[in-house]
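As they're listed, the protein sequences go chains A and B.
The first sequence begins at 2 in this note's numbering and counts up one residue at a time.
The second sequence begins at 216 in this note's numbering and counts up one residue at a time.
Glycine residues also receive a C-beta, built at the ideal position from the N, C-alpha and C atoms.
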Amino acid sequence: MRTRRKRPIPDSEMPMAPMVDVVFQLLVFFIFTFQIRVMERYYWVRVAKTKAAQVTPESKPPKVKLQSRPDGELQAILLDEKPLQTPDDLAAELLRRPRSPESQPATVFVTPVGVLKYRNVVAVTMAIQRAGWAVALMRADSGAASSPSANPSGQPDPQSTRVRR
Amino acid sequence: MRRRIPDEHGGLIMTPMIDIVFQLIAFFIFSMSFSPQHISRPVKPPDATQLGEAIDNQPAVLIELDREGTLLGGPEGAVKIDDPSFPSGLETLLAAAKPDQLVVIRADREAAYSAVDRVLDACRARKLSKVVLRLKVNTS
């Protein structure tokens with residue numbers, strides 16, 4: 002009797018090479034387009050629509066002047082002409098200050114003077130916010146804005162921008 | 216003479232490698248950000264602690280300033296702050312913004328504040344009321 006010889010079973014595995022090719026292409030694409038995600042958020046700035054101040058002449062909001070060194074670093078922080086060293090000192094000083102109930106939110110007017118770097122202004126702004134005050138950023142080049150000649154009311158001229166919490 | 220033992224598959228063992236490659240692809244896919252705004256990596260905003268919620272979904276006009284105060288992304292390319300075409304470049308960028316549209320200012324931490332101030336001033340002149348500073352979240 003003649004016996005049938007078994008045929009070898011053909012290889013039933015999937016062809017992997019094309020898939021591996023595509024997968025490597027994908028991997029290369031993702032590696033080259035990968036960017037480390039930096040957490041960035043927004044800080045709202047309320048831009049005054051007109052030059053009209055919302056500051057009543059009776060209220061005396063604290064005025065902060067930021068003086069800069071030639072390299073853009075903070076030289077001094079003057080809170081109503083009182084010199085302070087760091088933004089933390091400013092926050093501590095503002096925490097001690099009483100706030101009039103009618104001024105909601107209580108606002109500190111900040112005037113950067115000179116060639117101050119952006120990060121220093123942000124650091125001061127954050128310190129003021131930590132102390133529970135709102136910030137009104139004045140024009141950087143308007144050092145004379147708070148002078149009596151520029152503003153007869155004696156109040157800082159909030160012509161530029163107000164930063165809100 | 217040594218006899219070669221034939222490999223069962225006759226090739227490399229691919230399974231572990233493919234496993235790892237798929238893991239890598241999954242990582243890259245999930246860590247990919249689909250931010251609608253193209254931001255410049257060289258700009259490093261200052262750290263901040265008290266920031267609002269992310270509002271990336273809103274259509275916004277992005278104004279970027281690098282550490283030299285150079286305006287990025289304008290139609291004329293990068294424009295330095297002391298360049299005479301800085302105001303016009305800024306105006307061109309802001310011209311695309313509607314009055315109720317968000318303007319995002321993303322400036323480098325080392326930039327002069329006066330550059331940011333000029334952008335804020337231009338926003339005020341155009342009566343753009345929704346302006347935000349894009350800052351880095353300080354996690355420490």
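Alpha-carbon to alpha-carbon, residue j and residue i
i	j	result
residue 89 (chain A)	residue 324 (chain B)	19 angstroms
residue 76 (chain A)	residue 328 (chain B)	15 angstroms
residue 348 (chain B)	residue 93 (chain A)	25 angstroms
residue 341 (chain B)	residue 231 (chain B)	60 angstroms
residue 234 (chain B)	residue 241 (chain B)	11 angstroms
residue 35 (chain A)	residue 305 (chain B)	30 angstroms
residue 16 (chain A)	residue 22 (chain A)	11 angstroms
residue 346 (chain B)	residue 301 (chain B)	19 angstroms
residue 168 (chain A)	residue 109 (chain A)	What the structure shows of chain A is the stretch from 2 to 166, and residue 168 (chain A) is not part of that stretch, so it cannot be assessed.
residue 283 (chain B)	residue 331 (chain B)	11 angstroms
residue 138 (chain A)	residue 112 (chain A)	6 angstroms
residue 245 (chain B)	residue 228 (chain B)	28 angstroms
residue 71 (chain A)	residue 281 (chain B)	19 angstroms
residue 24 (chain A)	residue 32 (chain A)	12 angstroms
As assigned by DSSP and simplified to three states, the class of residue i
i	result
residue 330 (chain B)	helix
residue 89 (chain A)	helix
residue 320 (chain B)	strand
residue 238 (chain B)	helix
residue 51 (chain A)	Summary for residue 51 (chain A): the model assigns pLDDT 48, below 50, so the residue's position carries little reliability; its value from the coordinates is reported in the next sentence. Here residue 51 (chain A) sits in coil by DSSP.
residue 82 (chain A)	coil
residue 302 (chain B)	helix
residue 257 (chain B)	coil
residue 130 (chain A)	helix
residue 110 (chain A)	strand
residue 68 (chain A)	strand
residue 181 (chain B)	Because chain B in this structure spans residues 216 to 355, residue 181 (chain B) falls outside the shown range and cannot be described.
residue 263 (chain B)	strand
Sequence-distant residues of the same chain with beta carbon closer than 8 angstroms to residue i, five excluded per side
i	result
residue 96 (chain A)	132 and 133
residue 285 (chain B)	293, 294, 295 and 296
residue 350 (chain B)	260, 261, 262, 263 and 266
Supposed close pair residue i, residue j - CB separation, criterion 8 angstroms
i	j	result
residue 352 (chain B)	residue 239 (chain B)	Rounded, the Cβ-Cβ distance is 27 angstroms, inconsistent with contact.
residue 91 (chain A)	residue 125 (chain A)	7 angstroms
residue 161 (chain B)	residue 334 (chain B)	Outside the shown range of chain B, which is 216 to 355, sits residue 161 (chain B), and nothing can be said about it.
residue 29 (chain A)	residue 73 (chain A)	No, residue 29 (chain A) and residue 73 (chain A) are not in contact; Cβ-Cβ is about 42 angstroms, not under 8 angstroms.
residue 81 (chain A)	residue 99 (chain A)	At roughly 14 angstroms, the Cβ-Cβ gap does not stay under 8 angstroms, so residue 81 (chain A) and residue 99 (chain A) are not in contact.
residue 67 (chain A)	residue 114 (chain A)	6 angstroms
Cβ neighbours of residue i in the same chain (closer than 6 angstroms, five flanking residues each side left out)
i	result
residue 279 (chain B)	255, 258, 287, 288 and 321
residue 317 (chain B)	273, 275 and 345
residue 343 (chain B)	312 and 318
Residue nearest to residue i in terms of C-alpha spacing, selected from the options
i	options	result
residue 264 (chain B)	A:123, A:140 and A:136	A:123
residue 313 (chain B)	B:236, B:237 and B:338	B:338
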